[in-house]
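Asker: Residue numbers (this note's numbering), protein chains in the order written: chain L, 24 to 136; chain E, 227 to 341. Okay, here's the structure, questions in a sec.
Below, the structure written as structure tokens:
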């Protein structure tokens, strides 16, 4: 079992729709959770961090965390073609220290006009 | 505020050689982490430095090493290069104290090709 799992996609959504990206993790002691966006040929860009159960909203983005289910998700409202990228879920493991990020393989999102 | 910078951006080396990559963190950030990204393995953690000390290490052979200087700048070194070391090497910095200490911001990366 991989430590952080994501559907590879591609997830295809029409412009203006809500894109829902999901991530599960295996380390029950994980404390910090992050979503990054990576455009082709570029480095990852931090979108959101979340540390507590529940929702956290930032503009068109909402991160949701459920530690009991070991599940974190990212919702993108009013999706735009410029949101087309690979979205990486990252988790800090319990024993690895807060600055060791374990990444999922990423979900490719395609927003079509 | 300037972002994370990495030099060089591209590098071509021959098997058996060694290479040194450099990273300058965001001003005020004291933690620097290094990652390797390949199509097959994705993003993998190499090591993390804080106050010139290695705090965390990933599952990479000893050929991969790093260090951090008093100004928080960091270097990583790969000795005896192998073809499989061809990858994008990413550096990320975080505050480590105060604010949101755990958010990591990535530099543009160094693309290493080993021939």
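Glycine included, C-beta positions come from ideal geometry on N, C-alpha and C. All values reported here derive from a predicted model rather than from experimental measurement.
1) Assuming residue 263/E and residue 317/E are in contact, meaning their beta carbons sit under 8 Å apart, how far apart are those beta carbons, in whole angstroms?
2) Starting from residue 117/L, trace the beta strand (DSSP E) in both directions and tell me its first and last residue.
3) So, with DSSP's three-state summary, where would you put residue 309/E?
4) CA-CA distance, residue 102/L and residue 112/L?
5) Taking buried to mean at least 16 other C-beta atoms within 10 Å of its own C-beta, is residue 135/L buried or exposed?
6) Are the C-beta of residue 242/E and some C-beta of chain L separated by less than 9 Å?
7) Write down the C-beta distance between residue 28/L and residue 47/L rounded to the nearest angstrom, noting that I regard them as a contact closer than 8 Å.
8) What does DSSP give as the partner residues of residue 19/L in its beta bridges?
9) Would residue 68/L count as contacting chain E if we go by Cβ distances under 9 Å?
10) Please state whether DSSP places residue 250/E in a helix, a strand or coil.
11) Quick one: what's residue 78/L bridged to in DSSP?
12) Closer than 6 Å by C-beta to residue 246/E: which residues in its own chain qualify, once you throw out the five before and the five after it? Chain order, please.
13) Report yes or no: is there a C-beta of chain E within less than 9 Å of the C-beta of residue 117/L?
14) Pull up the CB-CB distance for residue 87/L and residue 81/L, whole angstroms please, since I reckon it's below 8 Å.
15) So with CB distances below 8 Å, who are the chain L contacts of residue 205/E?
16) What residue range is occupied by the uninterrupted beta strand (DSSP E) comprising residue 37/L?
17) Just mark residue 309/E as buried or exposed, buried being the case when its beta carbon has 16 or more other beta carbons within 10 Å.
18) Report buried or exposed for residue 330/E, applying the criterion of at least 16 other Cβ atoms within 10 angstroms of its Cβ.
19) Cutting at 7 Å between CB atoms, please list the residues of its own chain near residue 53/L, excluding the five before and the five after it.
Answerer: Reading off the structure:
1) About 12 Å; that fails the 8 Å criterion.
2) Looking at the DSSP string, residue 117/L is not in any beta strand (DSSP E), and its letter there is neither H nor E.
3) Residue 309/E falls in the helix class under three-state DSSP.
4) 18 Å
5) exposed
6) no
7) At roughly 5 Å, the Cβ-Cβ gap stays under 8 Å, so residue 28/L and residue 47/L are in contact.
8) Nothing about residue 19/L can be read from this structure; chain L reaches only from 24 to 136.
9) yes
10) strand
11) 87/L
12) 301 and 303
13) no
14) Between residue 81/L and residue 87/L the Cβ distance is about 13 Å, and since that is not below 8 Å, they are no contact.
15) A question about residue 205/E goes unanswered here, because the residues of chain E that appear run from 227 up to 341.
16) Unbroken beta strand (DSSP E) run through residue 37/L: 34-37.
17) Classification for residue 309/E: exposed.
18) buried
19) 114, 115, 116 and 117
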